[in-house]
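The numbering of the sequence shown is my numbering, which starts it at 416 and goes up by one. Have a look at the structure below before the remarks.
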Amino acid sequence: MKAMILSGAGLSAPSGLKTFRDSDGLWEEYDVMEVCSIKGFSRNPKKVLDFYDARRAQLKDVEPNYAHRVIAQTKDKYRDDVFIITQNVDDLLERAGCKNVIHLHGFLREIYCMNCGYVMDIGYDSIEGKICQKCKSAKVRHNIVMFGESAPQYRVLYELLQKTDLFISIGTSGEVLPIWQFATQCKRSIINAINCDENILKYFDKVYRDDIVTCVDDIRADIDNFL
Numbered sequence: 416m417k418a419m420i421l422s423g424a425g426l427s428a429p430s431g432l433k434t435f436r437d438s439d440g441l442w443e444e445y446d447v448m449e450v451c452s453i454k455g456f457s458r459n460p461k462k463v464l465d466f467y468d469a470r471r472a473q474l475k476d477v478e479p480n481y482a483h484r485v486i487a488q489t490k491d492k493y494r495d496d497v498f499i500i501t502q503n504v505d506d507l508l509e510r511a512g513c514k515n516v517i518h519l520h521g522f523l524r525e526i527y528c529m530n531c532g533y534v535m536d537i538g539y540d541s542i543e544g545k546i547c548q549k550c551k552s553a554k555v556r557h558n559i560v561m562f563g564e565s566a567p568q569y570r571v572l573y574e575l576l577q578k579t580d581l582f583i584s585i586g587t588s589g590e591v592l593p594i595w596q597f598a599t600q601c602k603r604s605i606i607n608a609i610n611c612d613e614n615i616l617k618y619f620d621k622v623y624r625d626d627i628v629t630c631v632d633d634i635r636a637d638i639d640n641f642l
């Protein structure tokens with residue numbers, strides 16, 4: 416038996432990270448489509464790179480919360496029987512000790528070379544002045560999937576769903592991914608339903624409405640009982 420934990424912004428929100436969908440499409444006074452879309456990047460690349468520099472600096476100052484640690488412990492306990500997939504670009508799961516996290520939308524600490532495709536981890540540093548370690552090109556950008564780009568890791572998500580018996584959705588609104596369909600594909604399903612469309616909930620076997628830090632121990636017990 417296999418379980419999948421798919422997480423979204425609601426997992427990291429208790430650590431103090433704002434979500435893309437806060438404040439009516441604005442993120443700290445930025446229009447999301449200006450700084451998170453391929454069109455916005457084409458129009459003003461410096462604005463976008465500065466935006467992600469600020470997000471990287473913000474990430475340095477926050478810590479994994481209790482839910483990150485419980486997920487890490489669950490992954491460590493079950494290893495290959497639990498798949499950890501996240502829509503988040505932060506490193507809080509990794510800093511909590513979680514192994515083999517699949518980031519669907521990229522990883523904030525990484526930049527990649529637009530010339531040769533080489534990926535580099537710059538930690539929480541600014542991208543300013545960075546060059547590709549492989550080809551020495553200065554054409555580097557954030558390693559985040561923007562609106563208007565394909566997300567290569569989606570293929571991995573759908574492959575693993577074919578092996579999943581228990582699907583768990585944590586802290587995602589369901590606006591980007593069809594989590595209700597994922598629930599119907601699996602034998603059992605659980606959702607942590609903060610900021611989630613009420614119409615989605617009927618497709619899940621169990622619904623937790625509290626924030627994830629409050630209910631994560633119950634979800635851990637559900638996984639233990641299932642596996």
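We treat Cβ as the ideally placed atom computed from N, Cα and C, and that holds for glycine.
Subject >> Supposed contact pair N607 and C630 - C-beta distance, whole angstroms, cut 8 Å >> reply: 6 Å
Subject >> Boundaries (first-last residue) of the alpha helix (DSSP H) holding G455 >> reply: I453 to R458
Original post:
Quick one: Cα of L581 to Cα of M419, how far?
Top reply: 6 Å
**OP:** Counting only the same chain and skipping the five closest in sequence on each side, list residues whose C-beta sits under 6 Å from that of S588.
**Re:** N610 and C611
**OP:** Measure the C-alpha to C-alpha separation of R458 and K545 and round it to an integer number of angstroms.
**Re:** 21 Å
**OP:** Could you check the C-alpha separation between Q473 and S604 for me, to the nearest Å?
**Re:** 33 Å
Original post:
Can you list, in chain order, the residues of its chain whose CB lies under 8 Å from that of D496, leaving out five sequence neighbours each side?
Top reply: M416, K417, A418 and L642
Original post:
On the three-state DSSP scale, how would you describe F619?
Top reply: coil
Original post:
If we count the other Cβ atoms within 10 Å of its Cβ and call it buried at 16 or more, is Q643 buried or exposed?
Top reply: In the structure displayed, the chain extends from 416 to 642; residue 643 sits before or after that span and is not available.
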